[in-house]
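A.B. asks:
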Amino acid sequence: MAAGIKAYLPRLAVILAIAAFPLIPGVPEFWVTLGGYIGLSSLVAVGLVLLTGVGGMTSFGQAAFVGFGAYTTAVLTTKFGFSPWATLPFALLSTGLMALLIGVVTAKLSGHYLPLGTIAWGISFFYLFGNIEALGRYDGISGLPPFSIAGHALIDARVIFYPIWIAVLIAVVLSENLLDSRMGRALRALRGGSIAAESFGVDTARAKLAVFVYAALLAGVSGWLYAHVQRSVSPSPFGIGPGIEYLLMAVLGGSGYVVGGVLGAGIVTVLKDQLQNILPKLIGTGGNFESIVFGILMVATLQLAREGLWPFILRLLPKTADKIIDAAAVPLEHRTPPERGQPLLVVDRARKTFGGLVAVNDVSFTINGGEIVGVIGPNGAGKSTLFNLLTGVLEASAGEIRYRGERLDGLPARGIAQRGIARTFQHVKLVASMTVLENVAIGAHLRTRPGVIASMLRLDRREEARMIAEAARQLQRVGLGEHMHKPAGSLALGQQRIAEIARALCLDPALLLLDEPAAGLRFAEKQQLADLLSRLRAEGMTILLVEHDMDFVMRLTDHIVVLVFGTKIAEGTPDAIATNPQVLEAYLGGVE
Amino acid sequence: MNSTIALFLAQDGIINGAIYALVGVTLVLVFAVTRVIFVPQGEFIAWAALTVAALEAGTVPGTAWLLMVLGVSAAVLDCLRAGRDLTLREVGTMAIRDIAMPALLLGAVIWLAPLKPGLAFNMVLTLGLLVPMGPLIYRMAFQPLADASVLTLLIASIGVHFALVGLGLVFFGAEGVRTEPLLGGSFAAGPLMVKWQSIAVLVATLLVMLGLYGLFDRTMLGKALRATAINRLGARLVGIPVASTGRIAFALAAIIGAVSGILIGPVTTIYYDSGFLIGLKGFVAAIIAGLTSYPLTALAALFVGLLESYSAFFASAFKEVIVFSIIIPVLLWRSLASGPHHDDDEEV
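The listed protein sequences derive, respectively, from chains X and E. The first sequence begins at 1267 in the working numbering and counts up by one. The second sequence begins at 339 in the working numbering and counts up by one.
(1) If you follow the beta strand (DSSP E) that X/Thr1833 is in, where does it begin and where does it stop?
(2) Within 10 angstroms of its Cβ, does X/Leu1278 collect 16 or more other Cβ (buried), or is it exposed?
(3) Buried or exposed: X/Arg1723, going by 16 or more other Cβ atoms within 10 Å of its Cβ?
(4) Determine the burial state of X/Asp1797: buried for a count of at least 16 other Cβ atoms within 10 Å of its Cβ, exposed for fewer.
(5) So X/Gly1486 and X/Phe1334 are supposed to be a Cβ contact under 8 Å. How far apart are they, rounded?
(6) Would you say X/Ala1386 reaches chain E, if we count a Cβ-Cβ gap shorter than 7 Å as a contact?
(7) Mind checking whether X/Val1849 and X/Val1827 have CB atoms under 7 Å apart?
(8) Any chance the region 1524-1535 of chain X sits against the region 1573-1586 of chain X, with 3 or more Cβ pairs inside 8 Å?
(9) According to DSSP, is X/Gly1327 helix, strand or coil?
(10) Whole-angstrom Cβ separation of E/Ile666 and X/Val1371, contact assumed at under 8 Å?
(11) Could you check whether X/Gly1561 and E/Gly497 sit closer than 7 Å to each other, using their CB atoms as the reference points?
(12) If I measure Cβ to Cβ from E/Gly603 and keep anything under 6 Å in the same chain, skipping five residues before and after, which residues do I get?
(13) Measure the alpha-carbon distance for X/Leu1568 versus E/Leu483 and round it to whole angstroms.
(14) In terms of residues, what are the limits of the beta strand (DSSP E) holding X/Gly1648?
(15) Can you list, in chain order, the residues of its chain whose CB lies under 6 Å from that of E/Thr342, leaving out five sequence neighbours each side?
(16) Please tell me whether E/Phe500 has its Cβ less than 7 Å away from any Cβ of chain X.
(17) State the DSSP-derived secondary structure class of E/Leu408, mapped to helix, strand or coil.
(18) Checking contacts by CB at 7 Å: is E/Phe656 closer than that to chain X?
(19) Compute every distance between the C-beta of X/Leu1810 and the non-hydrogen atoms of the ligand SAM, then say whether any falls below 6 Å.
(20) Bridge partners for X/Tyr1480 per DSSP, in chain order?
(21) In chain order, what residues of the same chain have a beta carbon less than 6 Å from the beta carbon of X/Leu1759, not counting five sequence neighbours either side?
(22) DSSP puts E/Ala359 in a beta bridge; with which residues?
(23) Count the other C-beta atoms from every protein chain shown that fall within 10 angstroms of the C-beta of X/Thr1839, then say buried if there are 16 or more, exposed otherwise.
(24) Out of curiosity, what's the CA-to-CA distance linking X/His1600 and X/Ile1734?
(25) Within 10 Å of its beta-carbon, does X/Gln1740 have 16 or more other beta-carbons around it, so buried, or fewer, so exposed?
(26) Check whether the Cβ atoms of X/Met1515 and X/Val1536 lie closer than 7 Å to each other.
(27) Output yes if chain X places a C-beta closer than 7 Å to the C-beta of E/Thr606; else output no.
(28) Give the secondary structure of E/Glu685 by DSSP, where H, G and I count as helix, E and B as strand, and everything else as coil.
(29) Does E/Ala526 come out as helix, strand or coil in the three-state DSSP assignment?
(30) Return helix, strand or coil for X/Lys1618, following the three-state DSSP convention.
(31) Report the rounded CA-to-CA distance for X/Ile1414 versus X/Trp1387, giving the unit in angstroms.
(32) Taking DSSP's pairing of strands, which residues face X/Glu1672 in a bridge?
(33) Report all residues from its chain with a CB closer than 6 Å to the CB of X/Arg1668; omit the five preceding and five following residues, and keep chain order.
(34) Strictly under 7 Å for the Cβ-Cβ distance: is X/His1378 near chain E by that measure?
(35) Hey, quick one: how far does the beta strand (DSSP E) through X/Asp1628 stretch, first residue to last?
(36) Look at the Cβ atom of X/Ala1423, then the Cβ atom of X/Val1298, and state whether they are nearer than 7 Å.
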């Protein structure tokens, strides 16, 4: 436990240092004001960290959401006499709704459409703010009331500093809580592409939408605070230029780390102030010359330190404590296993064509409960296509795939996972920067419920403990127990494949689909894998594996299906297959 | 609105649309070959117009100095990156290509500009100054990121835009310019006065499009570019130098940008930062066409130009709002039309 406290010490010291900053005698008012602006930008940058570094999306238009928050409270306080505190819900509502609308439109599209969209509406909103009479056109709205507590107006920079930084602290804590939870792991899995996450039941479009709205809400809060600190609003701080600066903060600080957003906001805000003093003198005329430095800084960060500056600081800090595994946590519920020897998955004349090419040609076979079935075939036999049909990555052109009597064809990957079918990937899809334990816990995504808000507020701890305990149990089961706290990227390929099997087991599957599990493994690793799979079979698991390695399949499976050019040419026990003349001809070439 | 005004607006819209088409097509080209969504394309356009304007006024354009700065920076950066691996031959190439050539051009411009050598010469000089900038920018900003994700490249691209706009302000100042028309005067076509300049823009746009078609369809270079666009690894395996296809794509971008700038200079007033909005409108067109098809992009660009021209008439204050908001319904439509997608390669 002592290690846990020690890990928090630097953090506590930083919080105290920030809190003490305005109180230090002799610190000029100007620096305290700048400190307040760093806090305001931090809120936006933290949201961008979640969006960019964690969720693999980005936005150049966050400044527009800041504007939504600011204009909402500006209108309500100056035109309708609201108190500044009372407008927060409205500011959140207006930014949230706008983000939801924009998010729904782009969340389903591939990577670059969202950021492109953000550039466009970042510009649109700027011109919109500047052309609406009720918002004061380009002059904006002035004369906003300051925040006040018990009749005391919070005008002094040394006072307003505190509400701002309390908001930052809350945002950081909520965001870190979110990342260390069921939904957080689902979000972090998005970075490796959505297919792995979908295969374990994560609704990736919804997860993306949630993080987009959350990032916008943080920007909205920043705008709400800004309006009453500045006590006037006008369109220029909400345009595309400031939007790009916010992104620079996230990228520079470290887009994978919540605190990196705060670091980036600090550096960029101070740098901007200094550059605005120095550059015009150097160049001889006024203008936004800092954009030259910012632009170069952005590109240089991406080239030299793509993870930003925070990792360099992280190295100096004590290591964060390993995740605690609560052995006493109530185990997650199990589904009823299928009966041994009864048909579990029936593939009935499945067919897949790509244009004129028939990749899978009316293939039929049956997998019975408790057996290991191998699908083999030479290169281009259609094994991978067949596997993609079973896992919902591709849709069959014709035929049926039935699982426990229910049609599987046409279901998305997520639906297949919900029915208790888990898979692994030919090219390992683990999130390299997450620990093995966290990666494996994604497998249990569908077996617990906590959502984004519960996770942020730490209401998910009981379920979280059950999930983590399950992940640890599956890692022990496959023999990776000692590696569970290491980053997944540090494992050898063979161990990564085994970790994928542990993740699949976390789904509590009735059927395990393995895509070339032995590919690229060394002899000893293959041996271990074969032992593991036989043990799982003995425990009642049903397994289908698509494999290249004849030897591996022959030793392990109960039943083999042989594909050649998309067509099933034989099926039967390993012994029967080994002597089947058609199979021999396909593999070794016929005897004339 | 009577039919004369409608026709007048249409003429305006088509001219702007033609320029947006050039931008849009360039964006598609650069994206296909390098996966860079090249936001700063607009900067080439603004800089070309500003260069022509400076030459017409008999002064030395900022681009001449800027090219020198870019050349020296690229050479220094490459030396730093390559370190001791640099061969003498490479150093020589850089000294000539990145330092001597820009210096020579700068000298030529300083000598020629006050003589006001005339339209044709101004155009040649402008192309000469701008075209090398494309590959220089690629080398400095994007080549080291060649294997990064589309998202990372897009962020870098925005960074480059930010830096270039600032440099534009340094080298050109904040004043706006309008250049002499390539073809003066106009002729009557029914109730409408058609400017010869409009005809010049259309013809030039068509020529550029035809040129691109010829390049991609008929030449080995075009085929290499297309191969890189379809499969980078595959292209590398069959011996296509992927880094140089990137440079060529950026050189093409700079050529088309310079031509667009020369064309648009007489049509609208251009400031150092005008390129961004022009570029983004080309973008809207490219997005409508899904960042893939050249002819669809050109069509969409015409639509954007007309939309802009008519909304300028009906709701001039909201012109930009309307033009940029159009991509929301477009994205919605794309979103509804797309099935479950799997972007496997998205890793920041």
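Don't be surprised by glycine CBs; every beta carbon is placed ideally from N, CA and C. Only a predicted model underlies this, so the values are computations on that prediction, with no experimental measurement involved.
C.D. replies: In this structure, then:
(1) Indexing the first sequence from 1 puts residue 1833 of chain X at position 567. Segment Thr1833 to Gly1838, the beta strand (DSSP E) holding X/Thr1833.
(2) Walking along the first sequence from the start, residue 1278 of chain X turns up at place 12. Label assigned to X/Leu1278: exposed.
(3) Here residue 1723 of chain X corresponds to residue number 457 of the first sequence, with the count starting at 1. Note that residue 1723 of chain X is Leu in the sequence shown here, rather than Arg. The residue in question, X/Leu1723, is exposed, as its Cβ has fewer than 16 Cβ neighbours within 10 Å.
(4) By one-based count along the first sequence, residue 1797 of chain X stands at place 531. Classification for X/Asp1797: exposed.
(5) Here residue 1486 of chain X refers to the residue found at position 220 of the first sequence. Here residue 1334 of chain X refers to the residue found at position 68 of the first sequence. With 8 Å as the limit, X/Gly1486 and X/Phe1334 qualify as a contact, their Cβ atoms being about 6 Å apart.
(6) On the first sequence, position 120 is the one that residue 1386 of chain X refers to. Yes, contact with chain E.
(7) As a working note, residue 1849 of chain X is residue 583 in the first sequence. As a working note, residue 1827 of chain X is residue 561 in the first sequence. Not closer than 7 Å, so no.
(8) yes
(9) Residue numbering aside, residue 1327 of chain X sits at position 61 when the first sequence is read from its first letter. Residue state, collapsed to three classes: coil.
(10) Here the question's residue 666 of chain E lines up with position 328 in the second sequence. Here the question's residue 1371 of chain X lines up with position 105 in the first sequence. Indeed they touch by this definition, with Cβ atoms about 6 Å apart.
(11) As a position in the second sequence, residue 497 of chain E is number 159, starting the count at 1. As a position in the first sequence, residue 1561 of chain X is number 295, starting the count at 1. Their beta carbons are under 7 Å apart, which means E/Gly497 touches X/Gly1561 by this criterion.
(12) Here residue 603 of chain E is taken as the residue at index 265 of the second sequence, counted from 1. A distance below 6 Å between beta-carbons, with the five flanking residues on each side excluded, links E/Gly603 to the following residues of its chain, in chain order: Ala387, Val390 and Thr517.
(13) By one-based count along the first sequence, residue 1568 of chain X stands at place 302. By one-based count along the second sequence, residue 483 of chain E stands at place 145. The straight-line gap from Cα to Cα measures roughly 8 Å.
(14) Within the first sequence, numbered from 1, the residue matching residue 1648 of chain X stands at position 382. Per DSSP, X/Gly1648 belongs to no beta strand (DSSP E) and is neither H nor E.
(15) Looking up residue 342 of chain E in the second sequence gives position 4. The residues are Pro529.
(16) Translated into the one-based positions of the second sequence, residue 500 of chain E becomes position 162. Chain X, which has a Cβ nearer than 7 Å to the Cβ of E/Phe500, makes this yes.
(17) Position 70 of the second sequence, counted from the first residue, corresponds to residue 408 of chain E. Helix at E/Leu408.
(18) Within the second sequence, numbered from 1, the residue matching residue 656 of chain E stands at position 318. Yes, because at least one Cβ of chain X sits closer than 7 Å to the Cβ of E/Phe656.
(19) The ligand SAM is not part of the structure shown, which contains no ligands of any sort.
(20) The count along the first sequence starts at 1 and reaches residue 1480 of chain X at position 214. In the DSSP output, where bridge partners are listed per residue, X/Tyr1480 has none listed.
(21) For the purposes of this step, residue 1759 of chain X is taken as residue 493 along the first sequence, with counting starting at 1. Correct list, in chain order: Gly1786.
(22) Counting from 1 along the second sequence, the entry for residue 359 of chain E is found at position 21. E/Ala359 pairs with nothing; no bridge assigned.
(23) The residue you call residue 1839 of chain X lines up with position 573 of the first sequence. Classification of X/Thr1839: exposed, given that the 10 Å Cβ count is below 16.
(24) Taking the first residue of the first sequence as 1, we reach residue 1600 of chain X at position 334. Taking the first residue of the first sequence as 1, we reach residue 1734 of chain X at position 468. Approximately 16 Å, taken between the alpha carbons.
(25) Along the first sequence, read from residue 1 onward, the residue named residue 1740 of chain X stands at position 474. Its Cβ being crowded by 16 or more others within 10 Å, X/Gln1740 is buried.
(26) Taking the first sequence and counting its residues from 1, one reaches residue 1515 of chain X at position 249. Taking the first sequence and counting its residues from 1, one reaches residue 1536 of chain X at position 270. Going by C-beta atoms, X/Met1515 is not nearer than 7 Å to X/Val1536.
(27) Locating residue 606 of chain E in the second sequence gives position 268, counting from the first residue. Chain X contact via Cβ: absent.
(28) Here residue 685 of chain E corresponds to residue number 347 of the second sequence, with the count starting at 1. Low local confidence applies: a pLDDT of 36 at E/Glu685 is under 50, so the model's placement there is unreliable, with the coordinate-based value given in what follows. It is coil, neither helix nor strand.
(29) The residue given as residue 526 of chain E occupies position 188 in the second sequence. Correct three-state label for E/Ala526: strand.
(30) The residue given as residue 1618 of chain X occupies position 352 in the first sequence. X/Lys1618 falls in the strand class under three-state DSSP.
(31) Reading the first sequence from its first residue, position 148 is the one you call residue 1414 of chain X. Reading the first sequence from its first residue, position 121 is the one you call residue 1387 of chain X. Here residue 1414 of chain X is Ser; the residue named in the question, Ile, does not match the sequence. Those two C-alpha atoms are separated by around 34 Å.
(32) Here residue 1672 of chain X refers to the residue found at position 406 of the first sequence. Looking at the DSSP assignment, X/Glu1672 forms a beta bridge with X/Tyr1669.
(33) As a first step, residue 1668 of chain X is located in the first sequence; it is residue number 402 there, counting from the start. Excluding positions up to five away in sequence, the list reads Val1612.
(34) Locating residue 1378 of chain X in the first sequence gives position 112, where the first residue counts as 1. So yes, X/His1378 belongs to the interface.
(35) By one-based count along the first sequence, residue 1628 of chain X stands at place 362. Segment Leu1623 to Asn1634, the beta strand (DSSP E) holding X/Asp1628.
(36) Within the first sequence, the letter at position 157 stands for residue 1423 of chain X. Within the first sequence, the letter at position 32 stands for residue 1298 of chain X. The answer is yes: Cβ separation under 7 Å.
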